[in-house]
Structures are given as C-alpha cells and as structure tokens.
Amino acid sequence: LAREACRRLAEIGVRNARIRCGDGFEGWPEHAPYDAILLTAAPVALPPRLLDQLRPGGRLVAPIGPAEGAQSLTLVTRRADGARDVEEVMGVRFVPMLPGVAADG
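Written as structure tokens, this is what we have:
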C-alpha cells in the first residue's frame, strides 16, 4: 500500500508528501508536532502517543471503540495549556486499528 501510494503521488506530481509504513499507534514523532492527525481505523481508546504529537490548536479525528461494539467518530483538540477538548461527533463503524507493522512493511 505504501509503495502504491508513493507511485501514485509521484504520478500526479505531488512532491510535498512523505509516506511511512509503521505502527500507527506510534505516529511519526520525528516530524511532530502536527496541525492535524486523521485515523482511518479504530483504536479502542485514544492513542496517547498520537495525542502527544499534536501542536497546540491541533486536532485529531479518529473512530474510537471496540471492533465488535459501538464506535464514535471523535474530535480531539489540543489546547495551548496542553489540555484536550474531546467531542464525540457521531456513531461510526471502522475496521480495528491493530498494533505492529505488516510483514511486507
């Protein structure tokens, strides 16, 4: 998937994007802080390492909840004082977010 993303971005001339294959729970701390983080798989709880990588005013949007239960699309905004505002936006259903890296990653 990462190789295909690189190929497609190059094909359309995108030069300001970086692709990394790794454990999504870890984020990409070397390039933090981020204005925004978007998850497209559902962890059971908000991943602390990702929250720590948001800049003040930064937002994380993620489906949160168990694989076989109720999930909620959640918006987290990091305040200047480091505290977080958490808003459950709506019920959703996503695949579970799993730790680790795929064998070909």
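Sequential numbering from 499 applies to the sequence shown in the numbering used here.
Cβ atoms here follow ideal geometry from the backbone N, Cα and C, with glycine treated the same way.
Keep in mind it's a predicted model, so treat the numbers as computed, not measured.
Grouping DSSP H, G and I as helix and E and B as strand, with all else coil, what is residue i?
i, result
"L536", "strand"
"L507", "helix"
"P531", "coil"
"R518", "coil"
From residue i to residue j, what distance separates their C-alpha atoms?
i, j, result
"I517", "L549", "20 Å"
"P594", "V584", "20 Å"
"G555", "T575", "6 Å"
"A530", "A568", "31 Å"
"V599", "P527", "16 Å"
"G511", "F523", "29 Å"
"L507", "P546", "30 Å"
With respect to the beta strand (DSSP E) encompassing residue i, which residues constitute its N-terminal and C-terminal limits?
i, result
"R547", "R547 -> not in any beta strand (DSSP E); alpha helix (DSSP H) instead, spanning 546 to 549."
"P554", "552 to 562"
"G573", "For the sequence presented, residue 573 should be read as Leu rather than Gly. 569 to 576 is the span of the beta strand (DSSP E), which, as asked, contains L573."
"M588", "582 to 590"
Do you know whose CA, among the options, lies nearest residue i's CA?
i, options, result
"A581", "L571, E566, L552", "L552"
"L571", "P545, R591, C504", "R591"
Inter-stretch contact (C-beta, 8 Å, three-pair minimum) for the stretch 530 to 542 and the stretch 559 to 574: Touching, yes, given that three or more Cβ pairs across the two stretches are closer than 8 Å.
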